[in-house]
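Read through the structure below, which is laid out as structure tokens, and then see the notes.
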Amino acid sequence: MNRSAQRIETEILNSYQLPKTPPPVSDDVVVGELGFKPRRACNCTKSQCLKLYCDCFANGEFCNRCNCDNCHNNLENEGLRQKAIRACLERNPNAFRPKIGKTKAGGPEIIRRHNKGCNCKRSGCLKNYCECYEAKIACTSMCKCVGCRNVEEGLQRRHPPVSSLYRPPPPTDIKQPCSFMTAEVIEAVCQCLIAASVDSSERARPEEEADPVRDVIEEFSRCLQDVISASHHAAPHHLSHEVSVLIWNWSRANRICA
DNA sequence: GAGTTTGAAACT
DNA sequence: CAGTTTCAAACTC
């Protein structure tokens, strides 16, 4: 393994550190392949777990020990699954991005907010039907909700949820699938690309013209393969979907460049 | 646990 | 792009 690959794998493994205090696990929580990153089991019956209705699929994970019927969100149906991922991305290129983003609202502090906003009509945005409320964040101007009572002040005074079921902590505590691509991994890849560009110009023989674009693209391809193999090493089942998305974007970019 | 309500996603 | 339907989770009883 070359140095860039080693660094990418190291950063990926670092991104999968266990939280210091493991969250409580209740009966309806599934523990991930490596014993961490708990999530809820889905109960899909009609979607084959290949639509965004399915939380596992939407979160970029295979179903594992869920209660779903006729599940296709698994390795045995990888072809169909890839097709479903492509269909989702065609409808919405951001379909697999986290819904809760972080923003600096003028000040230095980082605020979490729902990227798309909710559309609640009847819940007053004070029940878990509301994606903002569920994520424990106040509604914003992005929301198109009616009769919203999920405002900053209300959130601070809010009672803890009555439900005893485990709710995953905010993304800062537990890694979400997309957080696999940490700033460090991305930086490592960028450095590889810059190095490839510099090498390309230096290595070019006098009789041939340097083609840094081609060399950078080839290096990116290598980096991507490193990320894929490192990700399988780190978390064999958690990342496959995200990598699929990456590959899909990558092949699309390739077609556009061609 | 069954039935109802809700809002996101999918479809037309 | 707006209206409708489908879906699975949240909620109530």
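The first sequence begins at 11 in the numbering used here and counts up one residue at a time.
Backbone N, C-alpha and C fix where the C-beta goes; we use that ideal spot for every residue, glycine too.
Given the structure is predicted, the values throughout are model-derived calculations rather than measurements.
Which residue marks the beginning of the beta strand (DSSP E) containing residue 120, and which one marks its end? Translated into positions along the first sequence, residue 120 becomes position 110. Unbroken beta strand (DSSP E) run through residue 120: 120-124.
For my contact list, residue 125 and residue 140 are in at a C-beta cut-off of 8 Å; report their separation, rounded to the angstrom. Residue mapping note: residue 125 aligns to position 115 of the first sequence, counting from 1. Residue mapping note: residue 140 aligns to position 130 of the first sequence, counting from 1. Contact doesn't hold; Cβ gap of about 15 Å is too wide.
Using the C-alpha atoms, what's the distance from residue 210 back to residue 130? As a position in the first sequence, residue 130 is number 120, starting the count at 1. As a position in the first sequence, residue 210 is number 200, starting the count at 1. When rounded, the distance between both Cα atoms is 54 Å.
For residue 112, which residues does DSSP report across the bridge? Start at 1 with the first residue of the first sequence, and residue 112 comes out as number 102. Answer is 122.
Could you spell out where the alpha helix (DSSP H) holding residue 94 opens and where it closes? Translated into the one-based positions of the first sequence, residue 94 becomes position 84. Residues 88-101.
Terminal residues of the continuous alpha helix (DSSP H) containing residue 67? By 1-based counting over the first sequence, the position of residue 67 is 57. From DSSP, the alpha helix (DSSP H) with residue 67 extends over 65-68.
With 16 other CB atoms within 10 Å as the buried threshold, where does residue 100 fall? The residue you call residue 100 lines up with position 90 of the first sequence. So residue 100 counts as exposed.
Going straight from the alpha carbon of residue 37 to that of residue 56, what length do you get? The residue given as residue 37 occupies position 27 in the first sequence. The residue given as residue 56 occupies position 46 in the first sequence. Note that residue 37 has pLDDT 42, beneath the 50 cutoff, so the model's placement of it is unreliable and the number below is only indicative. Each residue's alpha carbon lies about 23 Å from the other.
Put residue 221 into one of helix, strand or coil per three-state DSSP. Mapped onto the first sequence, residue 221 falls at position 211. If DSSP states are grouped into helix, strand and coil, residue 221 belongs with coil.
The alpha helix (DSSP H) spanning residue 143 covers which residue range? In the first sequence, residue 143 corresponds to position 133, counting from 1. Segment 141-144, the alpha helix (DSSP H) holding residue 143.
Closer than 6 Å by C-beta to residue 156: which residues in its own chain qualify, once you throw out the five before and the five after it? Chain order, please. Sequence index remark: in the first sequence, residue 156 carries index 146 (1-based). Around residue 156: 131.
Residue 90 versus residue 162: straight-line alpha-carbon distance, rounded: Position 80 of the first sequence, counted from the start, is the residue given in the question as residue 90. Position 152 of the first sequence, counted from the start, is the residue given in the question as residue 162. Their Cα atoms are separated by approximately 43 Å.
Would you report the Cα separation of residue 137 and residue 58, rounded to the nearest angstrom? Mapped onto the first sequence, residue 137 falls at position 127. Mapped onto the first sequence, residue 58 falls at position 48. Cα to Cα, the separation comes out at about 27 Å.
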